[in-house]
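Structure record follows, encoded as structure tokens.
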Amino acid sequence: MAKSHYDWKDGPAKLEQHSVAKHNLLRSYLSAYFPTLVSSPHQEELRLTIVDGFAGGGAYTHNTTGELILGSPFICLQAAEEAEARINHSERIKKVRFNVDYIFVEKSRDAANHLAKTVNEQGYGLRVGKDVQLLQGDFNTHADNIIEHVHKKTPRSGRSIFVLDQYGYTQVPMSLLAKIFQALPRAEVILTFNVDSFNSYASDKSERSPLENIGLPNVFQGRSLQDIKNNERDWRAYIQSQLYPHIVRSAGSRFHTPFFIRSAKGHGDFWLLHLSMHQKARDVMTEVHWEHSNTFIHYGGEGLDMFKIGYITSADERFTQQGKLGYTFDDDARKRTEEKLHLDIPRLIYANEDGQSFETLHATTCNDSPATARIYKGVLGSLAKQGEIDIVSPDGRHKTSANQIKDEDRILPPRQRKLFT
Ligand SMILES: C[S@@+](CC[C@H](N)C(=O)[O-])C[C@H]1O[C@@H](n2cnc3c(N)ncnc32)[C@H](O)[C@@H]1O
57 MAKSHYDWKD GPAKLEQHSV AKHNLLRSYL SAYFPTLVSS PHQEELRLTI VDGFAGGGAY
117 THNTTGELIL GSPFICLQAA EEAEARINHS ERIKKVRFNV DYIFVEKSRD AANHLAKTVN
177 EQGYGLRVGK DVQLLQGDFN THADNIIEHV HKKTPRSGRS IFVLDQYGYT QVPMSLLAKI
237 FQALPRAEVI LTFNVDSFNS YASDKSERSP LENIGLPNVF QGRSLQDIKN NERDWRAYIQ
297 SQLYPHIVRS AGSRFHTPFF IRSAKGHGDF WLLHLSMHQK ARDVMTEVHW EHSNTFIHYG
357 GEGLDMFKIG YITSADERFT QQGKLGYTFD DDARKRTEEK LHLDIPRLIY ANEDGQSFET
417 LHATTCNDSP ATARIYKGVL GSLAKQGEID IVSPDGRHKT SANQIKDEDR ILPPRQRKLF
477 T
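Each residue of the sequence shown is one higher than the one before, counting from 57 in this note's numbering.
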């Protein structure tokens with residue numbers, strides 16, 4: 057399990073650095089997410105449930121500065137307040153009412169008590185039992201009632217975000233993720249998975265592995281983790297590429313990002329998975345990874361097939377060769393991604409003379425790429441200018457500018473190409 061756990065018995069816990077990175081990501085994601093829920097100037101209400109399933113004790117002291125830092129439940133509350141103020145700016149005629157419920161679950165009694173105290177101290181006490189629910193106990197035990205609550209609030213969409221910031225990786229069974237996505241079509245999950253905890257279990261064939269216990273049997277085809285660590289060039293890359301497909305298949309979510317939070321050593325031991333049913337949600341999260349460049353690290357390729365065997369190079373090797381870690385969503389990573397997409401996209405488009413819409417191209421490839429829709433569009437615009445592809449709108453207009461590309465535009469092999477092939 058995780059090497060050190062937070063302790064709220066005698067006041068705020070000491071904050072660990074990876075939590076700062078998680079908090080920053082959550083804040084940025086929610087900030088970018090709320091505007092996507094307000095599609096029209098006439099919209100009057102926004103309905104959403106935010107579930108923090110592993111909520112913690114609500115407050116930390118920074119281990120060097122001693123500063124008080126609020127935990128994930130307050131990031132959720134404050135992100136909504138800020139978004140509400142921003143969306144309802146003075147020029148907006150019809151104001152949007154934020155109808156958001158917050159459900160915070162915490163198993164440890166000390167942590168739950170500390171969270172309740174912090175909720176009061178931060179001025180949210182009167183909202184408890186109304187839009188803010190504090191539940192003490194195991195998230196798994198409360199999950200059915202929470203899903204039911206979301207379903208009642210938003211019967212058609214089930215719009216909800218589940219922040220599942222577990223210790224280690226054994227607290228969230230795949231069957232629970234599957235239940236969430238089956239019941240709630242617009243649910244999203246942000247799941248922490250501490251792969252460093254893999255260190256502490258030697259895979260012994262006579263014992264059920266912790267992965268098996270959460271519904272992920274035989275992920276490594278009988279290989280022990282020790283064997284993987286001893287023999288794979290980069291064991292994190294191997295785990296990312298092998299485990300990711302198993303998790304998303306078991307969870308049944310359609311769109312995902314599988315990147316690591318970098319630790320002080322430069323490596324990523326905290327794996328952060330974003331699972332959703334909607335490509336826009338995936339894209340918003342990918343944008344946030346780029347916005348927080350150098351906070352995240354990716355152990356695969358840069359094009360449309362990021363886990364294809366052979367792409368994976370050792371992060372250590374990249375470190376020594378380039379004086380810095382390889383794929384950290386920085387300018388260098390962006391340049392390499394653009395170059396690779398320049399090669400990968402035409403190959404895909406030329407396979408079918410009828411082409412495909414931008415929406416389909418993005419939806420069918422984004423799970424296997426670190427690129428955002430914006431990067432795709434930049435590359436498509438430049439390919440169209442070079443005559444490598446055609447981009448045609450439903451009314452027959454040809455486009456070459458990235459920011460004019462719309463979901464319904466078709467991306468086709470160029471017409472001239474047909475004459476010569
Ligand atoms: C990594 S900490 C959460 C930190 C918090 N999300 C934040 O960013 O401020 C994990 C928390 O989950 C709690 N926990 C562990 N197992 C749990 C379970 N099965 N259900 C709910 N909470 C659990 C732990 O007591 C701990 O407070």
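Each residue gets a CB set at the ideal place from its N, CA and C atoms; glycine is no exception. These numbers were taken from a predicted model, which means no experiment stands behind them.
Please report the straight-line C-alpha distance between residue i and residue j, rounded to a whole angstrom.
| i | j | result |
| --- | --- | --- |
| S265 | F414 | 42 angstroms |
| F237 | S449 | 34 angstroms |
| V152 | P229 | 36 angstroms |
| T416 | Q178 | 45 angstroms |
| W327 | R453 | 43 angstroms |
| K433 | N274 | 39 angstroms |
| D325 | V251 | 5 angstroms |
| D63 | I125 | 15 angstroms |
| L182 | N176 | 8 angstroms |
| T92 | A243 | 14 angstroms |
| H398 | L439 | 7 angstroms |
| F249 | Q298 | 14 angstroms |
| K150 | N408 | 46 angstroms |
| F363 | G308 | 19 angstroms |
| P68 | S319 | 22 angstroms |
| G379 | G113 | Residue placement at G379 is flagged as unreliable, the pLDDT there being 48, under the threshold of 50; the coordinate-derived value follows with that caveat. Those two C-alpha atoms are separated by around 39 angstroms. |
| A371 | I202 | In this prediction, A371 has a pLDDT of 49, which is less than 50 and means its spatial position is unreliable; nothing more can be read from the coordinates. |
| Q377 | R289 | Low per-residue confidence applies at Q377: pLDDT is 48, beneath 50, and the placement is therefore not dependable enough to give any value. |
| A234 | P241 | 11 angstroms |
| A115 | A141 | 24 angstroms |
| I143 | L133 | 16 angstroms |
| A239 | R471 | 45 angstroms |
| A168 | L191 | 8 angstroms |
| S84 | W346 | 11 angstroms |
| Y367 | D446 | In this prediction, Y367 scores a pLDDT of 46, lower than 50, which makes its location untrustworthy; the coordinate-derived value is nonetheless stated afterwards. Answer to the nearest angstrom: the Cα atoms are 29 angstroms apart. |
| R430 | S332 | 19 angstroms |
Considering only C-alpha positions, which residue in the set the options is nearest to residue i?
| i | options | result |
| --- | --- | --- |
| D388 | Q412, I401 and S349 | S349 |
| E138 | M362, F154, G181 and E347 | F154 |
| L102 | S146, M362 and D157 | D157 |
| H98 | L82, T105 and E147 | E147 |
| K391 | N201, G357, A320 and N287 | G357 |
| D200 | T117, G109 and G271 | G109 |
| T105 | Y300, H207, I401 and L468 | H207 |
| G122 | F160, D221, L71 and V76 | L71 |
| A135 | A88, Y116 and A172 | A88 |
| P426 | Y383, K455 and G437 | Y383 |
| T456 | D465, I467 and K441 | K441 |
| N269 | S128, L232 and D283 | L232 |
For the beta strand (DSSP E) containing residue i, name the first residue and the last one.
| i | result |
| --- | --- |
| W346 | W346 -> not in any beta strand (DSSP E); alpha helix (DSSP H) instead, spanning Q335 to E347. |
| A199 | Run containing A199: none in the beta strand (DSSP E); it sits in the alpha helix (DSSP H), F195 to K209. |
| A115 | A115 to H118 |
| P314 | F311 to R318 |
| N155 | R153 to E162 |
| H330 | G324 to S332 |
Could you round the C-beta distance between residue i and residue j to whole angstroms and report it? I think they count as a contact, below 8 angstroms.
| i | j | result |
| --- | --- | --- |
| P314 | Q296 | 6 angstroms |
| Y223 | H61 | 6 angstroms |
| R338 | F316 | Not a contact, Cβ separation roughly 17 angstroms. |
Let's see if you can read the secondary structure: which residues bound the alpha helix (DSSP H) around residue i?
| i | result |
| --- | --- |
| G437 | A429 to K441 |
| Q298 | W291 to A307 |
| N286 | L281 to N287 |
| K173 | R165 to E177 |
Does ligand 3 have even one heavy atom less than 6 angstroms from the beta-carbon of residue i?
| i | result |
| --- | --- |
| Y158 | Absent from the structure shown: ligand 3. Ligands present: ligand 1. |
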